[in-house]
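In the numbering used here, the protein residues as written are 490 to 888. Below is one structure, written out as structure tokens, with a few remarks after it.
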Ligand code: SAH
């Protein structure tokens, strides 16, 4: 039995009906099965660490506008399980906090009242597309982005400006735990269902919010990558830091590959001579530089490039490498270059154990896992993170 009224209909959570302890056991076993063949009896298996928060843990949600049956009332929420078109209003969703639920309820009621059209994915006609809500878990700062097409909201004499002004006033009048610091309107006319930022207007406040992790402050814009479970991200970063600290000298050069907004680089910078982050999304790199200076760190450098290419152009060789690739894992050609540096230790943070297993197959020519810790970032979903400390088989050589 699930405790969520949306479970079964909503395509969001897969394991709502399984007790949390059992979910943890299943996730740990899954990782063990996938990477077990690369682990010998000397490797320390640290088990699975739970998410510090099981309910209301997300700091970001992208809700879609649509209907749940043909010509039904406007809905705002998640796709129905297995459906590309149908939407279920998740106004009692448990993986977000009460502020999100209030914002969904009021938003859907407001636009139903105004009879505002939603964007139909077949005809490509209509106005409302998505609602992106982000909230700093530690700061309570909320950013709301209404994603619409550039078409007119309705056939009646309703004017778009008035519609949006009233919506802003409605949001600002809500009784929330957190505080709305920015309300945005992003225009997206692309045919794909993913949000594409073609133009963003600030309707109120600022275009970013702040979050704090392990005592550092991060500025996050509407579309920047940022781990979606802040408290569990701290667990991952702490574990990565613990593994790095193991035999680090303070004159070390560390590569943080796939650095996003530079969170790991900045958490590691105080114990390094220099950290070099590499990230392909330019907006994230700009945010990383800004965040590092906000945090008073002067020994971080961020490069906007594909890891595969960037490695050929960095002059300083690494003493230590941290990898936090996207779900597909590391490009094999890049992995080859990474291994060729011959560093003693690599920390690999993986968000998909199948990709980790594939990369370990190649890494195990030169490296073996010496510590593994599984971390649950996403209770009730299938996803799980793994932090793995790898040691060079010919360890302790200098280069
Ligand atoms: N370490 C960061 C982000 C990890 S997510 C954090 O903890 O917040 C993986 C990141 O890899 C994303 O920001 C993505 O944009 C980036 N990325 C994906 N492919 C890449 C590539 N080929 N080269 C460099 N970065 C890449």
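Each residue gets a CB set at the ideal place from its N, CA and C atoms; glycine is no exception. Just so it is clear, the structure is predicted and the values come from calculations on it, not from any experiment.
Does DSSP classify residue i as helix, strand or coil?
i, result
"residue 722", "helix"
"residue 651", "helix"
"residue 837", "strand"
"residue 794", "coil"
"residue 572", "coil"
"residue 770", "coil"
"residue 832", "coil"
"residue 881", "strand"
"residue 788", "coil"
"residue 659", "helix"
"residue 503", "coil"
"residue 703", "coil"
"residue 525", "helix"
"residue 887", "For residue 887, the predicted model reports a pLDDT of 40, less than 50, meaning its position is unreliable; a value from the coordinates is still stated below. Correct three-state label for residue 887: coil."
"residue 595", "helix"
At a threshold of 6 Å, does residue i count as lining ligand 1 (C-beta to nearest heavy atom)?
i, result
"residue 732", "no"
"residue 748", "yes"
"residue 801", "no"
"residue 689", "no"
"residue 815", "yes"
"residue 753", "yes"
"residue 769", "yes"
"residue 795", "yes"
"residue 714", "yes"
Which term fits residue i, buried or exposed, when burial requires 16 or more other beta carbons within 10 angstroms of its beta carbon?
i, result
"residue 787", "exposed"
"residue 614", "exposed"
"residue 529", "exposed"
"residue 680", "exposed"
"residue 648", "exposed"
"residue 739", "exposed"
"residue 887", "Residue confidence is low: residue 887 scores 40 on pLDDT, short of 50, so the model does not pin down where it sits. Its coordinate-derived value is still stated next. Result: exposed."
"residue 871", "exposed"
"residue 609", "exposed"
Using DSSP's beta-bridge definition, name the partner residues of residue i.
i, result
"residue 607", "617"
"residue 671", "632, 694"
"residue 745", "766, 811"
"residue 538", "864"
"residue 676", "637, 688"
Between residue i and residue j, how many whole angstroms is the CB-CB distance? I'm expecting something under 8 Å.
i, j, result
"residue 753", "residue 811", "6 Å"
"residue 618", "residue 677", "6 Å"
"residue 596", "residue 616", "The Cβ separation is near 13 Å, so there is no contact."
"residue 516", "residue 865", "6 Å"
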